[in-house]
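Data block below; observations after.
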Amino acid sequence: MPIQPNFLERTAMFNLNLIPGVILEIGGALAFQTVALAAKMGLFKALAARPLTSTEIAQTLNSHPRGTESLLAALASIGYVTEKNGRYANTRMTEKWALDDEVFNLGASMTFWTAVFQELSPDWMQVMQTGDRPYGSIYEWLENKPDIADAFQQQLMANVTFTGADVIKKLRWAETAVKLLDVGGGHGLFSIMLCEQHPHLYATVLDTPTALQTAKSNIAQHGLGERVHLLQGDLWQVEWGDGYDAILLFNLIHHYDAAKNIELLQRCAAALKPGGQIAILDQIAGKLPGNVSNAIIRLIALHYFLLADGRVYTHDDIQSWFQQTGFTEAQFHGIPKAPGTSLMVARKG
Ligand SMILES: C[S@@+](CC[C@H](N)C(=O)[O-])C[C@H]1O[C@@H](n2cnc3c(N)ncnc32)[C@H](O)[C@@H]1O
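What follows is the structure, encoded as structure tokens:
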């Protein structure tokens, strides 16, 4: 839970400008470290069975008694644990969002972002000044870091568990499609979910070798090795094949400039059957009603730039690419659980 100023603090900070609002950012960074540390130590999991005293937690986790007390007090102040009669328990928020990795993978998110901040952020001044990234793009960086690459895919998978069913419900073509290509499909969960719902469907997940390690284990877990295949390599280099009924470009177009995205859509058009469908899922630029959604989308857009020369586009941009590449019947659907994200589908004309 972010630090929430009370009425007096809000007035002093935001209305009267008497206190530097930036302390909330410092507090947020400290809170991030605190929660990352607690997740890494297994503290929330240790509290899942029953409330424990600080001493019992220190014994269970083999941690320093005074440090553990301090950690618990810090976590209580930001809403992750509560204390009653000397015993600590997870809050409802922690129970819902920090314990079930399928719903929100706190450990994977913290592992991924900690590695990004430690290893990539020292170069961000240079990225801002020159537009050059010494690490290439985040995916080049991840190729030599299987553990971090898996954490990256695991946090994406939790997003799919959270919003995937809503996305898939809107893909009406899935009922009749037989052959699907999932470009930059990573963990493969979208293909897996679609194949589970539609027994006639075969899918190919195209991604880098490291990302496909996660996909491979997911496909095996779901027993779909016969129907979800892997195509390994750089999507700009490998041969995609053709005759597809549908192609997914999910969370991919934000990596490329407009010219590259038009090229991507042209490749999709060439690989699709006549009447075949393209589906794009991505964050969309523009002002959102919610303060949190608005800030998150803009912060994400900046980090897309820093990590991969990325950006977010408007519906109009994407509509114009559809027109330029021969796609028709475009439809745009919001995803209510993910404000600022749209599913955009169109048909090869
Ligand atoms: C943000 S993830 C999206 C994963 C999945 N489609 C989803 O929506 O959850 C982008 C994926 O594109 C893959 N990717 C990026 N550039 C690629 C390239 N040049 N060739 C193949 N895959 C690429 C990454 O490895 C990553 O798995």
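The opening position of the sequence shown corresponds to residue 37 in this note's numbering, with each subsequent residue numbered one higher.
Every residue, glycine too, gets a C-beta built ideally from N, C-alpha and C.
Quiz item: Based on Cα-Cα distance, which residue from G261, T246, S253 lies nearest to T240?
Solution: G261
Quiz prompt | Test item: CB-CB of F80 and A74 under 8 Å | solution = yes
Quiz item: Quick one: is the Cβ of N180 within less than 7 Å of any heavy atom of ligand 1?
Solution: no
Exercise. Taking only the alpha-carbon atoms, compute the straight-line gap between H265 and I333 and give it to the nearest angstrom.
Key: 33 Å
Self-check item: Start-to-end residues for the alpha helix (DSSP H) that takes in H290
Solution: For H290, no alpha helix (DSSP H) segment is defined, and its DSSP state is neither H nor E.
Quiz prompt | With 16 other Cβ atoms within 10 Å as the buried cut-off, status of V139 | solution = exposed
Quiz item: Whole alpha helix (DSSP H) runs in the stretch 244-279 with 4 or more residues, listed along the chain?
Solution: 245-257
Quiz prompt | D202 beta carbon less than 8 Å from that of G222 | solution = Their beta carbons are not under 8 Å apart, which means G222 does not touch D202 by this criterion.
Quiz item: In chain order, what residues of the same chain lie with their CB nearer than 6 Å to the CB of A144, ignoring the 5 residues before and after it?
Solution: A187, Q190, Q191
Exercise. Identify the continuous beta strand (DSSP E) that holds D218 and give its terminal residues.
Key: 215-219
Self-check item: Neighbourhood of I298 by C-beta distance below 8 Å, restricted to the same chain and skipping five residues each side
Solution: For I298, where only same-chain residues beyond five positions count, the Cβ hits under 8 Å are W357, Q360, T361.
Quiz item: For T89, which residues from the same chain have a beta carbon less than 8 Å from its beta carbon, with the 5 sequence-adjacent residues on both sides left out?
Solution: G122, R123, Y124
Quiz item: In chain order, what residues of the same chain lie with their CB nearer than 7 Å to the CB of R383, ignoring the 5 residues before and after it?
Solution: G311, Q313, F363, T364, E365
Quiz item: Cβ of D270 versus every heavy atom of ligand 1: is any distance shorter than 7 Å?
Solution: Result yes, Cβ under 7 Å from ligand 1.
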